[in-house]
Amino acid sequence: MLAVDKVSFDLSAGEFIGVVGESGCGKSTLLFAIAQLLVPPAEITSGSVVFKGRNMVGLTDKEMTAIRWRDLSVVMQSAMNALNPVKSIQAQFADAMQAHGVHSKAEIAERSAEVLRMVGIDPVHLKSHPHQLSGGMRQRAMIAMAMLFTPDLVIMDEPTSALDVVAQRSLMVQIKELQEQLGFAIIFVTHDMSLVSHFSDRLIVMYGGVVAESGATRRVFDSPLHPYSVGLMEAFPSIRGPRIPLTGIPGSPPDLARIPPGCRFAPRCPKVMSRCTETPPELYPVDGTLVRCFLHDGEGASHG
Amino acid sequence: MGEPATRRDGQAGPAAEPGAGAGPLLRTESLTRHFKIGGLFSRQSLHAVDDVGLVIGEREIVALVGESGSGKSTVARLLARLYRPTSGEIYFQGRPLSAVRGRQNLLHYRGDVPMVFQDPFASINPVFRVSHPVMRCLKLHRPELSAEQRHQEAERVFAAVGLTPPAEVLQRFPHELSGGQRQRVGFAQALALRPKLILADEPVSMLDVSIRIGLLNLMADLRDSQGVSILYITHDIASARYVADRLIVMYAGHIAETGPTEEVLTRPRHPYTQLLLSAVPDPRAPLKVGAETDRGEPPKVIDPVPGCRFRWRCPLAIDECHTVTPSLRELLPRHSAACHVARADAATEAFR
Chain A
1 MLAVDKVSFD LSAGEFIGVV GESGCGKSTL LFAIAQLLVP PAEITSGSVV
51 FKGRNMVGLT DKEMTAIRWR DLSVVMQSAM NALNPVKSIQ AQFADAMQAH
101 GVHSKAEIAE RSAEVLRMVG IDPVHLKSHP HQLSGGMRQR AMIAMAMLFT
151 PDLVIMDEPT SALDVVAQRS LMVQIKELQE QLGFAIIFVT HDMSLVSHFS
201 DRLIVMYGGV VAESGATRRV FDSPLHPYSV GLMEAFPSIR GPRIPLTGIP
251 GSPPDLARIP PGCRFAPRCP KVMSRCTETP PELYPVDGTL VRCFLHDGEG
301 ASHG
Chain B
305 MGEPATRRDG QAGPAAEPGA GAGPLLRTES LTRHFKIGGL FSRQSLHAVD
355 DVGLVIGERE IVALVGESGS GKSTVARLLA RLYRPTSGEI YFQGRPLSAV
405 RGRQNLLHYR GDVPMVFQDP FASINPVFRV SHPVMRCLKL HRPELSAEQR
455 HQEAERVFAA VGLTPPAEVL QRFPHELSGG QRQRVGFAQA LALRPKLILA
505 DEPVSMLDVS IRIGLLNLMA DLRDSQGVSI LYITHDIASA RYVADRLIVM
555 YAGHIAETGP TEEVLTRPRH PYTQLLLSAV PDPRAPLKVG AETDRGEPPK
605 VIDPVPGCRF RWRCPLAIDE CHTVTPSLRE LLPRHSAACH VARADAATEA
655 FR
């Protein structure tokens, strides 16, 4: 099964990129592939992940361990599962630091308190165990842990999806503040497009394991090109403005074990043309945006 | 207090509610549920739902909105009679629920007020065809139907929730259906009981964005075509706005604000409602830079002292808020808020 198919993008230092898509679109697989966290039978069959000029595909576990936490950290979706329930926050922070050769107790304590303060948690919670923290605080603690070495890249997999709107909003603002302060780059994976609308610089919309559209966030939101992005935008009821009936996108995402021959979105697409079901479209550039749709290949619907 | 938990004479209900047919479908009075927590020497009481009075009319979708821990799911479970109230009473069609006793009567009530659950992957038995739960419901709740009629009825409800062709979908196994389709099976199952009120606890939160709208539209359609009322429990205030006629905002076990949906959203009176609204991400609106970021969290209400439960997060709190628990006051027609500071005319703007 091809879960992620020829996804290419580059990320500059300090950039915030949002990856959005529905469940089963390959966004988590993409993220695991970037972080070299895929476990067999999943594997990277081709392609490369070049991080700071070095291809991480094929690095040994030992080499990867040296990179993790120090240069690249991952914040997982469920902090309750990512944190060790029988160890205090302090002990878990110390583990990560000791793995990278920091053994001075004073230094560990100082840095741990510092990162906790950065995310707005009182350092007294260093002695707390994960279950003693609320959901929002656990996610903050995970982010604090990711900040221990001030990495260049933080990969986030739906870090806010278990939180309420209010907590979610404050966490997003906090992440953005930290990024501005420390200058790391972020790959932020989410199914909720509206969440990243105000925070990411660029947006990648994935569908069925491929990139459907990628471009500047504002651009994609203001004038989405791919019918799937258009559909996604129209699937959100708004809290302001007129109350209009919405339709969502009928049908369900493709089964990646049985990929249709043409465009993967064709069975659900309101603008499907005859050639969409025959040949898969490429990514076509339109004013700095890339879009995988025959409507934008220069020939448009005329060929259909 | 006040209302004893053991008022079960069964006679008070109809007398207190003249003309049950014209009254609301369901009404609660000072509904309260506490849970005992802690060990032998540190007995404490968690106030999950406190003094909640809500009304659900005929053919109405009422959204119960709140953060996790606000008590909204406990309210649903109380209404479904999965929990018994610590005190207070629920009146269904004018009759007190505490008077509903015996297996047959309870079965009847559960047929009138079924529940649809959050997780469509866990709420359907994977080893049976999807026709199985619907047929079982029909057999149990409507024994008068023949096998042939049961089958027709199953096809009817499947068609009503948009699972077409019904005869074919009925033969499928849950794993052959998508999440959205499974949740439709949940609604079909509820519909087979010919319900008056469906309790839908976060029915779309596990579904993908692109198919959520389909389910919300289905709920509106069921109200219009089948005449059922729905209590839609959610943390997503935007989807509540999309589908609900009335809104009830809960915070820490209390109702903070209630009223017609558009009315509450355009003129939120309670600071908590304002906070909720300000936090909703809206890609269509420009980001308000420097927007206040509230970093508080809803409290766990353990052995509370009097006072507003939102006071620690509220920028407008006055002395009274620390000593007197605010009760719901009707500030505008049908629009009430439990806040000492809120006024009908002047905008109390805590969060924008």
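Chains A and B supply the protein sequences, listed in that same order.
The first sequence begins at 1 in this note's numbering and counts up by one.
The second sequence begins at 305 in this note's numbering and counts up by one.
No residue lacks a Cβ here, since even glycine has one placed at the ideal position from N, Cα and C.
Under 8 angstroms by Cβ, that's how I've got residue i and residue j pegged, so tell me the actual separation to the nearest angstrom.
i	j	result
B:Leu329	B:His338	At roughly 27 angstroms, the Cβ-Cβ gap does not stay under 8 angstroms, so B:Leu329 and B:His338 are not in contact.
A:Thr160	A:Met172	7 angstroms
B:Ala657	B:Ile559	Nothing can be reported for residue 657 of chain B: it is not among the residues displayed for chain B, which extend from 305 to 656.
A:Cys263	A:Pro280	6 angstroms
A:Gln77	A:Glu22	So it is not a contact: roughly 15 angstroms between Cβ atoms.
B:Arg474	B:His445	Correcting the residue identity first, residue 474 of chain B is Leu in this sequence and not Arg. Contact doesn't hold; Cβ gap of about 18 angstroms is too wide.
A:Val272	A:Leu283	Not quite, the Cβ-Cβ distance comes to about 18 angstroms (not below 8 angstroms), so this is no contact.
A:Leu163	A:Gly208	A:Leu163 to A:Gly208, Cβ: 28 angstroms. No contact.
Quick one: is residue i buried, meaning 16 or more other Cβ sit within 10 Å of its Cβ, or exposed?
i	result
A:Ser46	exposed
B:Ala326	For B:Ala326, the pLDDT reaches just 48, beneath the cut-off of 50, and the residue's location in the model is therefore unreliable, although a value from the coordinates is still provided. Answer is exposed; the Cβ neighbour count stays below 16.
B:Glu506	buried
A:Ala96	buried
B:Phe425	exposed
B:Gly594	Caution is warranted here: a pLDDT of 47 is assigned to B:Gly594, below 50, making its placement in the model unreliable, and no coordinate value can be reported.
B:Lys500	buried
A:Phe93	buried
A:Glu110	exposed
B:Gly306	Residue placement at B:Gly306 is poorly supported in this model, since its pLDDT is 40, which falls under 50; the coordinates still yield a value, given next. Under this definition B:Gly306 is an exposed residue.
A:His103	exposed
B:Ile606	exposed
B:Gln578	buried
A:Thr65	exposed
A:Ala106	exposed
B:Pro336	The sequence as given places Thr at residue 336 of chain B; Pro does not occur at that position. Looking at its Cβ environment, which holds 16 or more other Cβ atoms inside 10 Å, B:Thr336 is buried.
B:Thr627	exposed
A:Ile89	buried
B:Leu344	exposed
B:Ala451	exposed
B:Val532	buried
A:Ile244	exposed
A:Ser274	exposed
Nearest to residue i by CA position, among the options, is which residue?
i	options	result
B:Glu634	B:Arg573, B:Arg454, B:Val584 and B:Arg488	B:Arg573
B:Arg405	B:Pro610, B:Glu364 and B:Arg385	B:Arg385
A:Glu43	A:Asp5, A:Leu153 and A:Val286	A:Asp5
A:Val19	A:His125, A:Val74 and A:Ser214	A:Ser214
B:Asp354	B:Arg647, B:Phe396 and B:Ser631	B:Ser631
A:Asp201	A:Ala3, A:Leu2 and A:Asp10	A:Asp10
A:Gly26	A:Glu114, A:Thr190 and A:Ala99	A:Thr190
B:Met510	B:Ala352, B:Gln493 and B:Gly484	B:Gly484
A:Val75	A:Phe236, A:Gln98, A:Val154 and A:Val39	A:Val154
B:Phe421	B:Ile622, B:Asp623, B:Ala451 and B:Leu503	B:Leu503
A:Ala167	B:Arg647, B:Asp607 and B:Pro602	B:Pro602
A:Ser238	A:Tyr207, A:Ser194 and A:Ala257	A:Ser194
A:Lys62	A:Gln36, A:Glu278 and A:Leu148	A:Gln36
A:Val115	A:Leu178, A:Gly58 and A:Glu158	A:Leu178
A:Met233	B:Arg516, B:Gly531 and B:Ile534	B:Arg516
A:Met142	A:Ala216, A:Leu83 and A:Val57	A:Leu83
B:Ala583	A:Arg169, A:Gly136 and A:Asn55	A:Arg169
B:Gln487	B:Leu497, B:Arg498 and B:Leu467	B:Leu467
B:Phe462	B:Arg399, B:Leu495, B:Ala451 and B:Ile622	B:Leu495
B:Val356	B:Ser529, B:Arg407, B:Glu393 and B:Glu624	B:Glu393
A:Thr217	A:Val210, A:Gly208, A:Leu163 and A:Ser229	A:Ser229
> Touching or not, the segment 224-237 of chain A and the segment 44-53 of chain A, by the rule of three or more beta carbon pairs under 8 angstroms?
Replying inline: no
Three or more C-beta pairs under 8 angstroms: does that hold for the segment 3-19 of chain A against the segment 186-195 of chain A? yes
Would you call the segment 555-569 of chain B and the segment 416-431 of chain B touching, i.e. three or more CB-CB distances under 8 angstroms? no
**Asked** Are the segment 244-252 of chain A and the segment 261-279 of chain A in contact at 8 angstroms, needing three or more beta carbon pairs?
**Response** yes
_Length at least 4, wholly inside the segment 520-578 of chain B: the alpha helix (DSSP H) runs in chain order_ = 541-547 and 565-570
**Prompt:** How about the segment 524-539 of chain B and the segment 608-615 of chain B: do they share at least three Cβ pairs that are nearer than 8 angstroms?
**Reply:** no
Counting pairs of beta carbons, one from the segment 436-444 of chain B and one from the segment 510-525 of chain B, are three or more of them closer than 8 angstroms? no
> Quick one: any contact between the segment 363-378 of chain B and the segment 553-562 of chain B, if contact means 3 or more CB pairs under 8 angstroms?
Replying inline: yes
### Task
Any chance you could list the beta strand (DSSP E) runs of at least 3 consecutive residues sitting entirely within the segment 46-111 of chain A, in chain order?
72-75
Original post:
At which residue ranges does the segment 383-434 of chain B contain complete beta strand (DSSP E) runs of 3 or more residues, listed in the order of the chain?
Top reply: 391-396
* To do: Answer yes if the segment 543-550 of chain B comes into contact with the segment 356-367 of chain B, meaning at least three C-beta pairs across the two stretches below 8 angstroms, and no otherwise.
  => yes
Any chance you could list the alpha helix (DSSP H) runs of at least 4 consecutive residues sitting entirely within the segment 457-515 of chain B, in chain order? 470-474 and 483-495
In the segment 225-271 of chain A, which residue ranges form an unbroken alpha helix (DSSP H) of at least 4 residues, counting only runs that do not cross its ends? 227-233
Just list the beta strand (DSSP E) runs in the segment 611-648 of chain B, keeping only unbroken ones of 3 residues or longer that don't cross its boundaries, in chain order. 633-636 and 639-641
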